[in-house]
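Peer 1: Structure below; questions to follow.
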Amino acid sequence: MHVALRPRSGCLVLCLCLSAFTLLLQSLWVPAEITSEEPAGRSPEEQGHRGLGFRRLALRLEALSTQVQRLSRERDVPQLTKDDLSLLLQSFRKDQLGLARLMEKELKRVSMRLEQLSRHQHHQPNTPPPPEALIHTGPKEKCEVPTDRAYPVCAEKVEFLRARWQSDPCYAFYGVDGTTCSILTYLSQIEDFCPPRLGRNHSALPWHQENHSYTKKAEIRTTLSPLHAAIRNNSGPAVTFIRSRVERMSERWKQAAVRMRQSSNQTDSTQMKVLLYPGALAGSAGQRFEALVERGGPLGELVQWADLSASLTLLGHNLTFSTSQQQLHSLIGAAPGRGSCPIQRPLIFDLIYTDYHGLAHLQGAMGLAFLHYQCRFRILDSFGTEPAFNLGSYARSHGYKTLWGSWGLQPLQYMTMFPHTPDNSFLGFVSEEAVKDGKEEELESDSNRKNRIAVVYGKQDYMWKGKSEYVEVISEELETHATVYQPPGLTSNLPSFIRNHGLLTQEHFLRLLRGAKVFVGLGFPFEGPAPIEAIALGCVFLQPRFDPPHSSENNDFYKGKPTTRQISSQHPYAEKLIGKPHVWTVDVSNKTEVREAVRAILRTEVKPFTPREFTCEGMLERVLDYIAHQDFCSKSLPTWPPECALRVHLGPLGQSCESVCQRSSLVCEPALFHHLNTPAAFTRLKIGCSSTRQEVNHLFPAYSPWGQQCGLQQDPLLFSCAGSDLSQRRLCPCRAHLPGQVALSPDCLS
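Mapped onto our numbering, the consecutive letters of the sequence shown carry residue numbers 56 to 805.
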């Protein structure tokens with residue numbers, strides 16, 4: 056048979072032949088076992104150099120195979136006859152697999168033999184120790200893998216690093232060179248998977264926490280200059296927004312700090328070194344976010360970062376602010392490489408505020424140290440993370456696995472925009488206010504200046520889809536304005552009766568709201584800060600009702616979010632905790648209901664209103680108490696809020712603890728669950744338990760009337776105010792809260 060080959064095809068055949076020849080040599084070249092004539096006392100590493108030769112052969116073989124496959128993909132198929140070359144390739148690949156299995160088997164056999172010789176042979180008097188022993192071990196110490204029950208995975212980790220030490224440059228940075236001695240040194244002195252060597256102990260691990268020799272009290276400041284200095288080296292539209300917001304609100308912040316300093320009920324707090332790392336602004340995610348900011352994208356997260364930064368600064372803590380993933384590695388002392396190794400030194404920050412993106416960046420940079428220091432993380436999480444989604448193993452086995460969640464943090468480490476998920480900590484933000492510089496006359500002036508104007512909440516064109524009839528009804532009673540971003544050269548899809556101002560700066564947008572009577576919600580975005588600020592500026596918020604409620608089961612936006620919440624309107628907080636006359640929730644498909652609501656709003660005089668928890672003082676109080684009392688690094692049970700705040704409720708079948716407590720005008724407090732997780736708690740409620748079982752279940756502690764079964768929680772990470780089941784009556788830890796300050800109990804505020 057004659058096959059006409061082009062030059063490329065000839066090269067392909069040559070490579071195939073070379074590959075086959077190399078495989079044949081490999082299968083035949085198996086070294087004989089070490090004989091008794093060989094000098095005794097060779098280290099496993101010296102004997103392993105032959106194994107490394109096989110490894111190099113395997114790598115060469117893999118490279119050749121890759122080249123053959125590439126050439127095969129590039130070959131000019133129409134020039135071949137009867138697919139002969141394709142059949143030849145298949146034949147060679149079949150032989151290649153068989154020979155590779157044979158080589159693997161022989162390498163394992165040789166490796167086992169070398170280990171046996173290493174264990175049973177003794178050093179000859181005149182045999183010098185291997186070079187690596189001089190570097191990594193004592194003069195009489197062998198580089199053998201220890202067997203110690205206290206370190207059960209040591210041998211497994213050694214085998215892993217023997218095979219993978221070159222997969223990340225950080226191993227070489229810490230001195231690993233593939234030898235057992237270097238691996239054992241690394242696993243005992245840098246990681247803690249093997250017993251200490253050369254008199255070292257695990258307290259000497261370079262990245263473990265050091266005890267501070269002194270503590271400094273955090274004193275309330277009345278200046279934001281340290282924050283300006285911290286932000287100065289960061290740039291981009293998002294940081295510009297944060298900086299401008301801080302500057303615009305600086306006088307209000309300073310006045311709040313002065314009032315707090317004069318107050319006698321300050322909580323003493325240690326000065327913290329705090330890192331603020333908005334991960335959504337870093338790396339590739341940051342580039343996408345920055346582009347959205349310039350086109351009318353979400354600003355709620357930036358509002359929260361700005362206000363958190365101001366709060367921490369005024370409370371006297373030392374801030375570092377970064378939006379650079381590269382700088383993050385330097386700040387935390389990450390080893391060069393891909394993040395497989397621990398950081399080089401103890402973490403210098405007492406607290407790290409970040410988000411879900413930043414959490415992933417930290418994990419990718421800290422290696423084993425990530426778990427050691429995760430108790431210091433605080434995650435800004437707008438929509439909340441329920442415990443059932445937070446614990447990875449439970450989420451996977453019970454159908455709660457999503458793209459978010461599964462980090463295994465304490466649920467209270469997640470900090471939300473609104474107090475909608477009591478399992479998390481409510482961080483919040485500060486609302487704009489109608490009063491400037493504390494002048495009451497301006498309040499009256501703003502109230503009288505209200506015109507028959509409606510401003511529509513929706514900065515991007517897609518938010519208006521399907522809402523024309525709803526907005527048209529409003530425009531019959533009010534002059535209707537919009538602030539929709541319009542890309543240059545594109546025609547607006549807004550109705551002709553809408554007066555569009557385009558994308559406004561925050562200052563101009565607030566000025567527009569000050570002259571408006573109604574702020575109109577289109578149904579999206581969900582749960583943002585703008586409605587609270589509009590209400591604080593004297594507007595009435597008109598929003599759509601959702602029937603059925605939105606959730607991860609029927610809404611694409613909430614799909615994948617680590618929460619089971621049912622969203623009854625665009626802004627549930629405004630609907631339920633503020634309500635009329637400031638908030639009207641309507642069926643937007645019912646024109647009559649919308650028209651009557653607008654007319655009723657026009658007949659009603661509404662003054663500006665701001666809940667205390669969205670004032671500067673309210674946010675300072677929360678952040679102060681969180682830093683003073685939330686210690687997730689302690690192994691002891693939570694003591695804040697104290698047990699005196701506990702109000703025990705046994706809920707009806709099918710209700711969550713969140714709703715059980717709300718029904719009594721209380722708040723579910725997850726930090727108090729451990730007081731109820733005992734048989735005595737059921738006894739005090741005069742509940743007779745025929746049996747009591749302990750289980751990993753986010754509904755426990757609970758009582759099931761069928762069989763009179765009482766259930767206790769086995770994993771504290773699953774204590775949950777959320778979650779309900781028709782077969783369980785939840786045992787709920789409720790507490791009272793300060794007026795306008797849901798996060799704090801009257802029994803606990805210092």
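C-beta atoms are modelled at their ideal positions from N, C-alpha and C, and glycine is treated no differently.
(1) Taking only the alpha-carbon atoms, compute the straight-line gap between residue 282 and residue 518 and give it to the nearest angstrom.
(2) Less than 8 Å between the CB atoms is what I'm expecting for residue 510 and residue 567, so what's the real figure, rounded?
(3) For the region 703-712 against the region 773-788, do three or more pairs of beta-carbon atoms, one drawn from each stretch, fall closer than 8 Å, so that the two count as touching?
(4) Confirm the yes/no value for this check: CB of residue 227, any heavy atom of the ligand SAM, distance under 8 Å.
(5) Who are the Cβ neighbours of residue 581 in its own chain at under 7 Å, not counting the five residues just before and after it?
(6) Let me know the secondary structure DSSP gives residue 327 once reduced to three states.
(7) Are residue 467 and residue 685 close, meaning C-beta to C-beta below 9 Å?
(8) Check the DSSP bridge columns for residue 470 and list the partner residues they point to.
(9) For residue 512, which of helix, strand or coil comes out of DSSP?
(10) Could you pull out every residue in the same chain whose Cβ sits closer than 8 Å to the Cβ of residue 764, ignoring the five residues on either side in sequence?
(11) I'd like the list of long-range same chain contacts for residue 564, defined as Cβ closer than 7 Å, with 5 residues on each side in sequence excluded.
(12) Identify every residue that forms a DSSP beta bridge with residue 576.
(13) Note down the Cα distance separating residue 600 from residue 628, rounded to an integer number of angstroms.
(14) If you reduce the DSSP assignment to three classes, tell me which class residue 789 lands in.
(15) Give a yes or no on whether the C-beta atoms belonging to residue 331 and residue 364 are separated by under 9 Å.
(16) Are three or more beta carbon pairs between the region 673-689 and the region 478-486 nearer than 8 Å?
(17) Counting pairs of beta carbons, one from the region 210-226 and one from the region 235-252, are three or more of them closer than 8 Å?
(18) Determine the direct distance from the alpha carbon of residue 620 to that of residue 605, and round the result to whole angstroms.
(19) How is the beta strand (DSSP E) around residue 747 delimited, first residue to last?
(20) When the distance is taken between beta carbons, is residue 699 closer than 9 Å to residue 13?
(21) In whole angstroms, give me the CA-to-CA distance for residue 721 and residue 477.
(22) Residues in the same chain with beta-carbon distance under 7 Å from residue 671, minus the five sequence neighbours each way, listed in chain order, please.
(23) Run through DSSP, which three-state label would residue 220 get?
(24) So the alpha helix (DSSP H) residue 242 belongs to, where does it begin and stop?
(25) Spell out a yes or no on whether the region 327-345 and the region 288-306 are touching, meaning 3 or more CB-CB pairs, one atom from each, closer than 8 Å.
(26) Identify, in the order they occur along the chain, each residue of the same chain with its Cβ nearer than 8 Å to the Cβ of residue 559, setting aside the five sequence neighbours on each side.
(27) Is residue 373 helix, strand or coil when you go by DSSP?
(28) Rounded to the nearest angstrom, what separates residue 462 and residue 447 at their Cα positions?
(29) Should residue 572 and residue 533 be called a contact, given that it needs their Cβ atoms to be closer than 9 Å?
(30) Checking 9 Å against the spacing of the C-beta atoms, do residue 272 and residue 318 come in under that value?
(31) Where does residue 717 fall in DSSP's three states?
(32) Reducing DSSP to helix, strand and coil, say where residue 225 ends up.
(33) Taking the straight line between their C-alpha atoms, what separation do you get for residue 11 and residue 689?
(34) Can you tell which of 521, 549, 562 has its C-alpha closest to the C-alpha of residue 578?
(35) Nearest to residue 454 by alpha carbon, out of 607, 471, 265?
(36) For residue 531, does the count of other Cβ atoms within 10 angstroms reach 16, so buried, or fall short, so exposed?
Peer 2: Here's the rundown:
(1) Here residue 282 is taken as the residue at index 227 of the sequence shown, counted from 1. Here residue 518 is taken as the residue at index 463 of the sequence shown, counted from 1. Spanning the two alpha carbons is a distance of roughly 35 Å.
(2) On the sequence shown, position 455 is the one that residue 510 refers to. On the sequence shown, position 512 is the one that residue 567 refers to. That pair is a contact at about 6 Å.
(3) yes
(4) Among the ligands in the structure shown, none appear at all, so the ligand SAM cannot be discussed.
(5) For the purposes of this step, residue 581 is identified with residue 526 of the sequence shown, where counting begins at 1. Contacts found: 612, 622, 625.
(6) Position 272 of the sequence shown holds residue 327. Three-state DSSP puts residue 327 in coil, outside helix and strand.
(7) Residue mapping note: residue 467 aligns to position 412 of the sequence shown, counting from 1. Residue mapping note: residue 685 aligns to position 630 of the sequence shown, counting from 1. For residue 467 and residue 685, yes; Cβs fall inside 9 Å.
(8) Start at 1 with the first residue of the sequence shown, and residue 470 comes out as number 415. 435, 480.
(9) Within the sequence shown, numbered from 1, the residue matching residue 512 stands at position 457. In the structure shown, residue 512 sits in a strand (DSSP, three-state: E or B).
(10) Here the question's residue 764 lines up with position 709 in the sequence shown. Taken in chain order, the residues that qualify are 744, 745, 746, 747, 748, 758.
(11) Position 509 of the sequence shown, counting from 1, holds the residue named residue 564. Taken in chain order, the residues that qualify are 538.
(12) As a first step, residue 576 must be located in the sequence shown, where it is residue number 521. Paired residue(s): 512.
(13) Against the sequence shown, residue 600 aligns to sequence position 545. Against the sequence shown, residue 628 aligns to sequence position 573. Roughly 13 Å separates the two Cα atoms.
(14) Along the sequence shown, read from residue 1 onward, the residue named residue 789 stands at position 734. The answer is strand: DSSP assigns residue 789 an E or B state.
(15) Looking up residue 331 in the sequence shown gives position 276. Looking up residue 364 in the sequence shown gives position 309. Result yes, Cβ atoms of residue 331 and residue 364 sit closer than 9 Å.
(16) yes
(17) yes
(18) What you label residue 605 is simply residue 550 of the sequence shown in a count that begins at 1. What you label residue 620 is simply residue 565 of the sequence shown in a count that begins at 1. Approximately 8 Å between the Cα atoms of the pair.
(19) The count along the sequence shown starts at 1 and reaches residue 747 at position 692. Its beta strand (DSSP E) spans residues 746-750.
(20) It is not possible to answer for residue 13, since the shown part of the chain is limited to 56 through 805.
(21) Locating residue 721 in the sequence shown gives position 666, counting from the first residue. Locating residue 477 in the sequence shown gives position 422, counting from the first residue. The alpha-carbon atoms of residue 721 and residue 477 are separated by roughly 11 Å.
(22) Taking the sequence shown and counting its residues from 1, the one referred to as residue 671 is at position 616. Hits under 7 Å: 307, 308, 311, 485.
(23) If you number the sequence shown from 1, residue 220 lands on position 165. Looking at residue 220 - three-state DSSP - the assignment turns out to be coil, as it is neither helix nor strand.
(24) The residue given as residue 242 occupies position 187 in the sequence shown. It spans 235-244 - the alpha helix (DSSP H) in which residue 242 sits, taken as one unbroken run.
(25) yes
(26) Here the question's residue 559 lines up with position 504 in the sequence shown. Taken in chain order, the residues that qualify are 538, 567.
(27) Here residue 373 refers to the residue found at position 318 of the sequence shown. Strand at residue 373.
(28) Numbered from its first residue, the sequence shown carries residue 462 at position 407. Numbered from its first residue, the sequence shown carries residue 447 at position 392. Using only the alpha carbons, I get a separation of about 7 Å.
(29) As a working note, residue 572 is residue 517 in the sequence shown. As a working note, residue 533 is residue 478 in the sequence shown. For residue 572 and residue 533, yes; Cβs fall inside 9 Å.
(30) Reading the sequence shown from its first residue, position 217 is the one you call residue 272. Reading the sequence shown from its first residue, position 263 is the one you call residue 318. No; because the gap between Cβ atoms is not below 9 Å, this pair is not in contact.
(31) Reading the sequence shown from its first residue, position 662 is the one you call residue 717. The answer is helix: DSSP assigns residue 717 an H, G or I state.
(32) Here residue 225 refers to the residue found at position 170 of the sequence shown. Helix, per DSSP.
(33) In the structure as shown, the chain begins at 56 and stops at 805. Residue 11 is therefore absent and cannot be evaluated.
(34) In the sequence shown, counting from the first residue as 1, residue 578 sits at position 523. It is 521 whose Cα lies nearest to the Cα of residue 578.
(35) To locate residue 454, count along the sequence shown from 1; it is residue 399. The shortest C-alpha separation from residue 454 is found at 607.
(36) As a working mapping, residue 531 is identified with position 476 in the sequence shown. Counting Cβ neighbours within 10 Å, residue 531 comes out exposed, since fewer than 16 surround it.
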